[in-house]
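So the number in this note's numbering is just where the residue sits in the sequence shown, counting from 1, plus 115. Note that beta-carbon positions come from the ideal geometry of N, C-alpha and C, so glycine has one too. Down below is the structure, laid out as structure tokens.
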Amino acid sequence: MDIRRSVLEATTAAPNTPPTKKSSRQKRMSSLSPNAEVMMTKSAMPTYRVGIKAQVRTIGDLVSLIWLVGGRQTQPPKRTMSSAVTSTGTISSVANKCWIHMKISNMSTKLPFQQSMEIICSQTPCTSIVAAGAIVVTSILLVALRFLSGTPKVKILLQDEIKSARHRALEYCFNPRAVMAKGYARFKNEVFGLDTQDGVKLVIPPSFLDELKSHPALSFKVSIDNDMQIEYTHFGGPAEYVIHAIKANLTASLCEYRPCGLLRMPVRLMTLAAFTPLLHRMVQKNMPRIIGKYKDWTPVKVHDRVLRLIATNNARVFQGTAASLDEKWLEASTGYVLACFDCIRALKQWHPWLRPLVYRFIPERAAIKDQWLKGRKRVMASMRERQGKGGNLEDPPTMLDHLSNGRNEHIADDVELQLLHQMTLIAVGTVTTFSSTTQAIYDLVAHPEYIPILREEVESVPRNHNGNFTKDSTVAMDKLDSFLKESQRFNSPDLTTFQRAAIADMKLPDGTFVPKGTKLEINTCSIHKDPELYENPEEFDGLRFHKWRKVPGKEKKYMYSSSGTDDLSWGFGRHACPGRYLSAINIKLIMAELLMNYDIKLPDGVSRPKNIEFEVLCSPEPDFEILFKDRNH
């Protein structure tokens, strides 16, 4: 537990009398620098408020800190109240016969994601001891409740190597792929448990999928809401009616009635087919501006630029042209995505009981609130524009239109609900797409032998009369599809899939008892490296799935957007990612334009960067540079 500074504030009051009004000098004390020394006037029974900002990593640290603050010593009070942080790491203060003396670590020490929290204690001889005692008793009760509650009776991974459950949880946090590989090697076709900061999580084999995919006691949304810390980030799984709107209006065939003489005749439409040429035009227009133009080889960080390209396309699909051109909205939406994941990583290192205390001190939390405020202005403007038109914002219609029509008409004017849906859509619809695109670009420069192969295919696929790719064009990019799927096999944004939470007690097919609140998942990242399923699984073969589709009867299998028991990257069952088809089109359009307009390569002596992995999340390195040069020069 590291104490970074002490902020001291004092008031003087006679015993059993109300506090007097602060003098101007006393008011200024709250803004004193951390090393200030304050001289106090005499008083029979002074009462001081002592605020200590400390690095508190566990509930034990919290109890220790408050116990020390509340401890009574025999030394008499002094008139001088001081706070000092020295190079030796000592801090001392006096507060109404209470001495605080703690050793702290060197100020230069930095551990990942450590956060500060401020603890304010009003000091009197008896109340501080009562408060400290209450904290200790409460902590003991909470720990007891944890062990008395139902827990799955399964083998716990790493229990023999690492004795502490908390240390096992931290190992899973920071080395998830290696931990999951150990689990797959030991319990390939069995259920096993993982210690996490949120308790024991169960990893189940794929053989359970068919029986569990529609189990009423398992919830996809509850699991995602917990993983994304929705109460602090507002980022969670989309509501069921939002998922229905995506499936019915974005990825499935539609039947729309249009005037034909005196009759209204049904016309079959495909919304993604209507969107594809439009999205291609947007990529053609925005890529030179966002990626840049380079006459000579130039190092470029593609991570944030790809994020902006994806966010712009998604803004058009979700909210319309005005949103896709609104720089403030694009900054807010992309900033929200990045801040959410930083906030999640920070919160996940704290025990759930402490998160309601510490979340206020996480910097990304303030950024999320600011971006939410900016997002509200954009959504309100789009809603006003839609009301002014008396119908849909755009043709083809946006998701805002679909969430304001038909069965969703009752929420058409609900600003907060529409804002929630837009921020959720931009988050879930952007994260996977931009992460996968960036990973594919990294893999392309790491394996440059595929550049001419993919470029030749892209240049040969048919286009519409305006020279734009159509949905059929993207389907014809078979080798690119295979390359993307191989990149996904190595770098899937989610290391595990079929993430579910038990909303009631239940049993697994093998009889394992699962108490309410337990999370389940499938070890997808290890399945993707199984030599029984993939020949030479550690070798990157960009045409692997292209060759698999040459087998008669499997021409339509193993597609990038496929979902099934042998294709788990997008999930499984009715909760498989509903936006995966839009994601696949966006990625192919960006990769195609990149191949046609740029030469790209790694800097000399540089290899592909490692991924950033934390629990189930796998992200590309954001600061990695690739060399770009225009092909037109």
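Looking at C-alpha atoms only, which residue of the options is the closest neighbour of residue i?
{"i": "V77", "options": "P353, F613, D596, K443", "result": "Outside the displayed span of the chain (116 to 748) sits residue 77, for which this structure offers no information."}
{"i": "A619", "options": "L610, L534, V629", "result": "V629"}
{"i": "N507", "options": "T436, V546, E531", "result": "T436"}
{"i": "A354", "options": "N523, K492, R396", "result": "N523"}
{"i": "V731", "options": "F302, P267, N341", "result": "N341"}
{"i": "T391", "options": "P693, L488, L365", "result": "L365"}
{"i": "Q399", "options": "N712, D645, I700", "result": "N712"}
{"i": "R501", "options": "H517, Q344, G490, K489", "result": "H517"}
{"i": "N633", "options": "P693, F655, R723, F307", "result": "Checking the displayed sequence, the identity of residue 633 turns out to be Thr instead of Asn. Here the closest residue by C-alpha is F307."}
{"i": "V357", "options": "L534, G720, D587, E564", "result": "L534"}
{"i": "L635", "options": "I406, L324, K672", "result": "L324"}
{"i": "E728", "options": "R695, H395, P567, F456", "result": "F456"}
{"i": "M343", "options": "A561, Y451, V666", "result": "Y451"}
{"i": "T513", "options": "E305, R431, L272, P724", "result": "R431"}
{"i": "P321", "options": "E670, R723, K489, H643", "result": "H643"}
{"i": "A496", "options": "A438, P724, D587, G688", "result": "A438"}
{"i": "M621", "options": "L327, C288, A300", "result": "L327"}
{"i": "R723", "options": "G694, W663, R695, S602", "result": "S602"}
{"i": "R281", "options": "L683, H349, Q312", "result": "Q312"}
{"i": "S588", "options": "I556, V294, T449, A699", "result": "A699"}
{"i": "E571", "options": "K492, M592, R578, F584", "result": "M592"}
{"i": "F584", "options": "K725, K410, E708", "result": "E708"}
Give the straight-line distance between the Cα atoms of residue i and residue j, rounded to the nearest whole angstrom.
{"i": "P414", "j": "D529", "result": "46 Å"}
{"i": "V590", "j": "D596", "result": "8 Å"}
{"i": "K463", "j": "H690", "result": "24 Å"}
{"i": "Q554", "j": "L717", "result": "14 Å"}
{"i": "L333", "j": "G626", "result": "16 Å"}
{"i": "P374", "j": "F433", "result": "Its pLDDT being 44, under 50, P374 is placed unreliably by the model, and nothing is read from it."}
{"i": "D656", "j": "F598", "result": "8 Å"}
{"i": "K594", "j": "A296", "result": "29 Å"}
{"i": "A284", "j": "F302", "result": "18 Å"}
{"i": "C458", "j": "S329", "result": "32 Å"}
{"i": "S549", "j": "V666", "result": "Strictly speaking, residue 549 in this sequence is Phe, with Ser absent from that position. If I take the Cα positions, the gap works out to 31 Å."}
{"i": "I277", "j": "L610", "result": "22 Å"}
{"i": "K504", "j": "N520", "result": "14 Å"}
{"i": "T539", "j": "D310", "result": "29 Å"}
{"i": "R659", "j": "P646", "result": "14 Å"}
{"i": "L387", "j": "A426", "result": "17 Å"}
{"i": "V721", "j": "V560", "result": "11 Å"}
{"i": "I271", "j": "C288", "result": "16 Å"}
{"i": "D558", "j": "W663", "result": "20 Å"}
{"i": "Q274", "j": "P291", "result": "15 Å"}
Please say whether residue j and residue i have beta carbons closer to each other than 7 Å?
{"i": "F613", "j": "I637", "result": "yes"}
{"i": "C733", "j": "P652", "result": "no"}
{"i": "G351", "j": "I339", "result": "yes"}
{"i": "K744", "j": "W468", "result": "no"}
{"i": "M402", "j": "N428", "result": "no"}
{"i": "L704", "j": "L394", "result": "yes"}
{"i": "R746", "j": "D714", "result": "yes"}
{"i": "K600", "j": "Y649", "result": "no"}
{"i": "A527", "j": "V337", "result": "no"}
{"i": "T545", "j": "I702", "result": "no"}
{"i": "P267", "j": "V318", "result": "no"}
{"i": "A454", "j": "E479", "result": "yes"}
{"i": "R423", "j": "I405", "result": "yes"}
{"i": "Y474", "j": "Y347", "result": "yes"}
{"i": "V417", "j": "I566", "result": "no"}
{"i": "T639", "j": "L697", "result": "no"}
Under a Cβ-count criterion, where at least 16 other Cβ atoms within 10 Å of its own Cβ denotes burial, should residue i be classed as buried or exposed?
{"i": "D738", "result": "exposed"}
{"i": "E286", "result": "buried"}
{"i": "I741", "result": "buried"}
{"i": "T680", "result": "exposed"}
{"i": "E564", "result": "exposed"}
{"i": "P735", "result": "buried"}
{"i": "G582", "result": "exposed"}
{"i": "E574", "result": "exposed"}
{"i": "L440", "result": "exposed"}
{"i": "P511", "result": "buried"}
Terminal residues of the continuous alpha helix (DSSP H) containing residue i?
{"i": "S698", "result": "695 to 712"}
{"i": "D593", "result": "593 to 606"}
{"i": "V306", "result": "No alpha helix (DSSP H) holds V306; DSSP gives it neither H nor E."}
On the DSSP letters alone, give me the boundaries of the beta strand (DSSP E) that residue i sits inside.
{"i": "C733", "result": "732 to 734"}
{"i": "F743", "result": "740 to 745"}
{"i": "Q533", "result": "Q533 -> not in any beta strand (DSSP E); alpha helix (DSSP H) instead, spanning 530 to 561."}
{"i": "D656", "result": "It is not in any beta strand (DSSP E) - D656 carries neither H nor E in the DSSP assignment."}
{"i": "L508", "result": "Element bounds for L508: n/a, residue is neither H nor E."}
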